[in-house]
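K.L.:
Here's a structure for you.
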Amino acid sequence: MASGLIGRLVRTKPAKLTSTARLIPSRCTSSATESKPSSSGGGGRGSNLKTFQIYRWNPDSPGKPELQDYQIDLKDCGPMVLDALIKIKNEMDPSLTFRRSCREGICGSCAMNIDGCNGLACLTKIEDGAKETTITPLPHMFVIKDLVVDMTNFYNQYKSIEPWLKRKSPASEPGKEILQSKKDRAKLDGMYECILCACCSTSCPSYWWNPESYLGPAALLHANR
Numbered sequence: 000m001a002s003g004l005i006g007r008l009v010r011t012k013p014a015k016l017t018s019t020a021r022l023i024p025s026r027c028t029s030s031a032t033e034s035k036p037s038s039s040g041g042g043g044r045g046s047n048l049k050t051f052q053i054y055r056w057n058p059d060s061p062g063k064p065e066l067q068d069y070q071i072d073l074k075d076c077g078p079m080v081l082d083a084l085i086k087i088k089n090e091m092d093p094s095l096t097f098r099r100s101c102r103e104g105i106c107g108s109c110a111m112n113i114d115g116c117n118g119l120a121c122l123t124k125i126e127d128g129a130k131e132t133t134i135t136p137l138p139h140m141f142v143i144k145d146l147v148v149d150m151t152n153f154y155n156q157y158k159s160i161e162p163w164l165k166r167k168s169p170a171s172e173p174g175k176e177i178l179q180s181k182k183d184r185a186k187l188d189g190m191y192e193c194i195l196c197a198c199c200s201t202s203c204p205s206y207w208w209n210p211e212s213y214l215g216p217a218a219l220l221h222a223n224r
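The opening residue of the sequence shown carries number 0 in numbering that gives the first Met the number 0; numbering runs sequentially from there.
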């Protein structure tokens with residue numbers, strides 16, 4: 000990684016992280032869950048509780064990163080992991096930090112590691128059942144805070160391949176639009192859909208160990224295009 004990047008570098012597999020809960024309580028429950036009437040036998044009536052273990056690290060509070068537990072009722076939450084994160088931030092812990100924008104798998108902002116696999120939180124469905132869901136930042140990236148990673152090196156690599164259209168010959172008329180045939184457009188199928196979320200690059204071992212010299216899958220795809 001280039002020098003000068005801030006934050007903590009994530010190099011630990013999610014399964015090996017442990018929750019010490021030294022900065023904030025180890026388990027939170029949303030007010031919506033607490034207010035539900037209980038049935039005989041305990042628990043909220045008709046509730047479907049799910050625990051999310053989320054990576055927490057604050058650069059302003061020196062210390063090791065930790066996994067923080069949050070418990071929410073899936074019946075009072077949207078179906079996607081991003082819905083759960085938004086619910087946690089809005090109702091339980093406003094200090095939780097993550098990126099998001101379109102909520103439709105277009106912008107790539109909410110890329111993170113969910114149960115050991117990189118993906119977009121807005122497109123990853125919450126797995127029902129008692130199993131806990133572990134959410135950590137994209138692996139082998141410097142962490143700015145919580146689930147937010149520093150994308151500087153990734154974008155610099157993308158910029159280095161000059162990913163824009165170039166004329167092979169001077170324009171016949173200055174300022175004239177570059178026309179594209181249907182045949183030429185068809186050649187781009189499968190190469191223009193990349194949204195630069197960095198999920199593929201941060202899943203690649205070659206990118207982990209040689210981020211300065213190896214461009215990674217995303218940049219190479221755009222170079223090929």
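Backbone N, C-alpha and C fix where the C-beta goes; we use that ideal spot for every residue, glycine too.
Of all the options K88, N57, K63 and L214, which has the alpha carbon lying nearest to the alpha carbon of Q70?
P.N.:
With distances taken between Cα atoms, Q70 lies closest to K88.
K.L.:
Could you check if Y154 is buried or exposed, using at least 16 other CB atoms within 10 Å of its CB as the buried criterion?
P.N.:
Looking at its Cβ environment, which holds fewer than 16 other Cβ atoms inside 10 Å, Y154 is exposed.
K.L.:
For K49, tell me which candidate among G128, G104, P58 and P93 has the shortest Cα-Cα distance.
P.N.:
Checked all of G128, G104, P58 and P93; the closest Cα to K49 is G128.
K.L.:
Specify, as a first and last residue, the run of the beta strand (DSSP E) that R55 falls within.
P.N.:
Note, R55: beta strand (DSSP E), L48 to R55.
K.L.:
Is there a Cβ of chain B sitting closer than 8 angstroms to that of A197, yes or no?
P.N.:
In summary, chain B is missing from the structure at hand, where a single protein chain is found.
K.L.:
With the cut-off set at 8 angstroms, would you say L195 and G107 are in Cβ contact?
P.N.:
Going by C-beta atoms, L195 is nearer than 8 angstroms to G107.
K.L.:
Below 8 angstroms, can you find three or more Cβ-Cβ pairs linking the segment 190-205 to the segment 117-125?
P.N.:
Because the criterion of three Cβ pairs below 8 angstroms is met, the segment 190-205 and the segment 117-125 touch.
K.L.:
For a quick check, are the C-beta atoms of P138 and N112 less than 8 angstroms apart?
P.N.:
In this structure, N112 lies closer than 8 angstroms to P138 by Cβ.
K.L.:
Using the Cβ count rule (16 or more neighbours within 10 Å means buried), how would you classify A83?
P.N.:
That one is buried.
K.L.:
How would you write the range of the beta strand (DSSP E) that D68 sits in, first residue to last?
P.N.:
Segment E65 to D72, the beta strand (DSSP E) holding D68.
K.L.:
Please classify R166: is it buried, with 16 or more other beta-carbons within 10 angstroms of its beta-carbon, or exposed?
P.N.:
That one is exposed.
K.L.:
Take C101 and list the residues in its own chain whose beta-carbon comes closer than 8 angstroms to its own, dropping the five residues that flank it on each side.
P.N.:
Excluding sequence neighbours, C101 sits near S108 and C121.
K.L.:
In whole angstroms, what is the alpha-carbon distance linking L219 and M140?
P.N.:
Their backbone Cα atoms lie some 19 angstroms apart in a straight line.
K.L.:
With C-beta atoms as the reference, is I53 less than 8 angstroms away from I125?
P.N.:
No. Outside cutoff.
K.L.:
Between which residues of its own chain and L146 is the CB-CB distance below 6 angstroms, once the five residues before and five after are set aside?
P.N.:
Around L146: F97, M111 and P136.
K.L.:
Run through the DSSP bridge pairs and tell me what I160 is partnered with.
P.N.:
The partner list for I160 (beta bridge, DSSP) is empty, contrary to what the question assumes.
K.L.:
For T133, does the three-state DSSP call read helix, strand or coil?
P.N.:
In the structure shown, T133 sits in a strand (DSSP, three-state: E or B).
K.L.:
Tell me the residue span of the beta strand (DSSP E) that contains L119.
P.N.:
Start and end: C116 to L119.
K.L.:
Kindly indicate the opening and closing residues of the beta strand (DSSP E) around A110.
P.N.:
Start and end: A110 to I113.
K.L.:
Could you name the residues that DSSP lists as bridge partners for V80?
P.N.:
Beta-bridge pairing links V80 to no other residue.
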